[in-house]
Each structure stands twice: as structure tokens, then as C-alpha cells.
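Asks: Sharing a structure below in C-alpha cells format, with a few things to ask.
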Amino acid sequence: MSGRQSDVSDWWQTAIIDMAPGQIRLRGHPIEALIGTLTFPQMIWLLTRGDMPSDDQARLLEHALVAAVDHGPQAPSIAAARMAVTCGLGLNGAMATAVNMLDDVHGGAGEQAVALYEAIDGAVAGGTPLAEATAAAIDDWQSTRSRYVPGFGHRFHTPQDPRSPRLLALVDAAAEAGTVEGRFAAIGRAVEAELIARKGKPVPMNIDGATAVIYAELGFAGPLARGLFCLSRSVGALAHGWEQMQQGGRNKGPTPPAYRWRYTGPDPIDG
Ligand SMILES: CC(C)(COP(=O)(O)OP(=O)(O)OC[C@H]1O[C@@H](n2cnc3c(N)ncnc32)[C@H](O)[C@@H]1OP(=O)(O)O)[C@@H](O)C(=O)NCCC(=O)NCCS
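Using my numbering, the letters of the sequence shown correspond one by one to residues 114 to 384.
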């Protein structure tokens, strides 16, 4: 009988939350002690990491979360959220639709960027000079994964994504204050410089690459970088979904109906 009971209680195990009737504790802290004292970024850190960030660490995390909230209806995630609303989905469906698009190419590349930065960091720790380690990591990425290095390049913001230098300046300030070491800011800059040197034109650090610098500086694992981006972009998806609800509109596709796609099969209708 007791074996059966522990089978049930062991089915889900978590160090995140404990509850009893009238009691909720998150990572050991009573919820009533957290409400009114913790900021949302501090709560994100506490739940995902288990420990409590310093105020300065939480502020740097917040900067990354603020930067990625929205990129307008041309961003696939935001366009999808708005289209979802015109198809009758509620805000939960709009937000989920947006989040589902945040993968390797759009908004989710921070996961791989953190891994790339960590590989370079490991090589540097082993004594390889930064420029050499960066070139080798890019070579390795491009020969084994893709010619697109994660966290760099932008189809709209060239020569520079305005969010990246601002975020890196905040990392620099945090490094000066001793909140982070600044190693990953140097690595991100080295990757950007190497890509520019190779292409002979700007391949700017994008929002995924810049926020990945912050997440790596703060010690977040790569997969969490993607999850944190999803949290941030959810704010934009919520706002755009809500605005689309106010505007109305039914069954909107990605372009006005008068514009058609290029048909490439046999027997086109009009030339
Ligand atoms: C974001 C992205 C899709 C934009 O693509 P784009 O600017 O339309 O890219 P293009 O294919 O037109 O590339 C333009 C040139 O820059 C190069 N380039 C663009 N992004 C690059 C990257 N991340 N790494 C290396 N080279 C890159 C391309 O090879 C291409 O070179 P070419 O003219 O010699 O062929 C692309 O940069 C990318 O996939 N980046 C990696 C994933 C990422 O960080 N996603 C988050 C976006 S916010």
C-alpha cells in the first residue's frame, strides 16, 4: 500500500514548488513573501535557476526581456499572432501561434548562439586566442550545421540592428560594475567582426545574438535563452493580438487578397 502511495507522489517530482492547503512556496519561499517584493525578472530567475539573483543581475536580465518584446507585423511571430486572431482564436491561441514560430531561424537562434559563444569561451579558456577560437568555431558551425551563424544577420536592419549595440553597452556597464565578466560580450563582438571580415559587408549581431550575450553572461543555459525570448516576444504577441481584436478583420492572410503568389505549375490561368 505504502509502495503504491509513493509511486503516485514520485510520478511528478519538482524542486520548484511545494503546496499544502493554504500554503504555496516557490523554491522554498512563501508566495506571500515574494508578492510585493520580487520583480517579474527576479521571479523568472528564481523559478528557472533556483537561486535569487542580485538586483543588478535581475536588471540585466530585464534589459534583454524588454529589448525583444516586439518587431512589428512583418516579424513572422507577430504576423502569425494577428492572423490567428482574425481566424477566431483568442489571445491564448494568438500567443501560442506566435511562440510556435520562434525556432532556429526567427527568435529562437539564441539557443544556438549561447552554445556557439560557450564553445568559443571554452577554447579561449584552454589557451586559444579569441580571434583564432572565433574563426575555428565559425568554420565548425558552417561546415557541420549551416552557413548561417546563429544570432547574426538581419533581413531588415542593416548595417546594424539598433538593439544590439545598446544591449552590449549595458553589458559593458554591468561588467564595469562587476555584475558580469564581459567575456561573452567580447566573444559576440569577435564573431561579428569575423563575419564582417569574411563577407566584406555587414552581418550584424541581431536581437537573438545580443540577448544571447546577456543570457550567457548571466549563466543561463542555451535552451533557456530560447525560452526567455519566447517570454519576451509573448508581450508583443499579446499586444498585437489584442489590437487586432479591436480592429476586427476576418480570416486575414499574409497579403491582401488582390496580391497572389507566383504559380510555378503547369497551365497558368493568366500568362
Ligand atoms: C536572419 C536571417 C534569416 C536574415 O537573412 P537575410 O539577411 O535575408 O540573409 P541572406 O540570405 O539574404 O544573406 C545575405 C548575405 O549575408 C550572409 N549572412 C546572412 N546571415 C548570416 C549569418 N547569420 N551568418 C553568416 N552569413 C550570413 C549570407 O550568407 C548572404 O551572403 P551572400 O550574399 O554571399 O549569399 C539570417 O541572417 C539568419 O538565418 N541568421 C541566423 C539565424 C538568426 O540569427 N535568426 C534570428 C533573426 S532575428
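We put the beta carbon where it would ideally sit given N, CA and C, even for glycine.
All figures in this text were calculated on a predicted structure; none of them were measured in a lab.
With a Cβ-Cβ cutoff of 9 Å, do R296 and E245 count as a contact?
Replies: Cβ distance not < 9 Å, so R296 and E245 don't count as in contact.
Asks: CB-CB under 6 Å to M196, same chain, minus the five flanking residues each way: which ones, in chain order?
Replies: Result list for M196: K365, in chain order.
Asks: What residues in its chain sit with their C-beta under 7 Å from that of G149, if we drop five residues either side in the sequence?
Replies: Same-chain partners within the cutoff: there are none.
Asks: Go ahead and pull the three-state DSSP assignment for M114.
Replies: Note that M114 scores 44 on pLDDT, short of 50, meaning its location in the model is unreliable; the coordinates nonetheless yield the value given after this. M114: coil per DSSP, three-state reduction.
Asks: Looking at C-beta atoms only, is the number of pairs between the region 286-306 and the region 232-243 that lie closer than 8 Å three or more?
Replies: The region 286-306, when compared against the region 232-243, does touch it at the 8 Å Cβ threshold.
Asks: Taking the straight line between their C-alpha atoms, what separation do you get for D380 and W374?
Replies: Using only the alpha carbons, I get a separation of about 15 Å.
Asks: Could you work out which residue in I129, D253 and R346 is closest to V304 when comparing CA atoms only?
Replies: For V304, the nearest C-alpha among the options comes from D253.
Asks: State yes or no: is the C-beta of N319 nearer than 8 Å to some heavy atom of ligand 1?
Replies: Because some heavy atom of ligand 1 lies under 8 Å away, the Cβ of N319 counts as near it: yes.
Asks: G185 and F342 - do their beta-carbons sit closer together than 9 Å?
Replies: No; because the gap between Cβ atoms is not below 9 Å, this pair is not in contact.
Asks: Between the region 314-334 and the region 206-214, can you find at least three pairs of beta-carbon atoms closer than 8 Å?
Replies: With a cut-off of 8 Å, the region 314-334 and the region 206-214 do not count as touching, because too few Cβ pairs lie within range.
Asks: For a test of your reading of the model: does the CB of V227 fall under 8 Å from any non-hydrogen atom of ligand 1? Yes or no.
Replies: Incorrect: V227 has no Cβ contact closer than 8 Å to ligand 1.
Asks: Going straight from the alpha carbon of V227 to that of F333, what length do you get?
Replies: So the alpha carbons of these two residues sit roughly 9 Å apart.
Asks: From what residue to what residue does the beta strand (DSSP E) around M132 run?
Replies: That run of the beta strand (DSSP E) goes I130 to A133.
Asks: Expressed to the nearest angstrom, what Euclidean distance is found between the alpha-carbon atoms of A133 and P143?
Replies: Each residue's alpha carbon lies about 11 Å from the other.
Asks: Using three-state DSSP, classify M214 as helix, strand or coil.
Replies: Coil.
Asks: Can you say whether G291 is buried or exposed, counting buried as having 16 or more other CB atoms within 10 angstroms of its CB?
Replies: It counts as exposed.
Asks: Measuring alpha carbon to alpha carbon, tell me which residue in E307, A177 and R363 is nearest A287.
Replies: When only C-alpha atoms are compared, the closest one is A177.
Asks: Indicate whether the contact test is met: 3 or more Cβ pairs, each with one atom in the region 151-171 and one in the region 259-276, closer than 8 Å.
Replies: The region 151-171 vs the region 259-276: no contact.
Asks: Determine the extent of the alpha helix (DSSP H) in which Q136 is found, giving its start and end residues.
Replies: Run containing Q136: none in the alpha helix (DSSP H); it sits in the beta strand (DSSP E), Q136 to L139.
Asks: Run through DSSP, which three-state label would F342 get?
Replies: Helix, per DSSP.
Asks: List the whole-angstrom C-beta distance separating L159 from L139, where the pair is believed to meet the contact cut-off of C-beta under 8 Å.
Replies: So it is a contact: roughly 7 Å between Cβ atoms.
Asks: From V179 to S119, what distance separates their C-alpha atoms?
Replies: Going from the Cα of V179 to the Cα of S119 covers about 43 Å.
Asks: Cβ of A222 within 8 Å of any heavy atom in ligand 1?
Replies: Yes - ligand 1 has a heavy atom lying nearer than 8 Å to the Cβ of A222.
Asks: Within the present structure, is the beta-carbon of F265 separated from the nearest heavy atom of ligand 1 by less than 8 Å?
Replies: Yes, since a heavy atom of ligand 1 falls inside the 8 Å radius drawn around the Cβ of F265.
Asks: Hey, how far is the Cα of T199 from the Cα of G361?
Replies: Cα to Cα, the separation comes out at about 7 Å.
Asks: Below 8 Å, is the gap between the Cβ of K365 and the nearest heavy atom of ligand 1?
Replies: No, the beta carbon of K365 sits no closer than 8 Å to any heavy atom of ligand 1.
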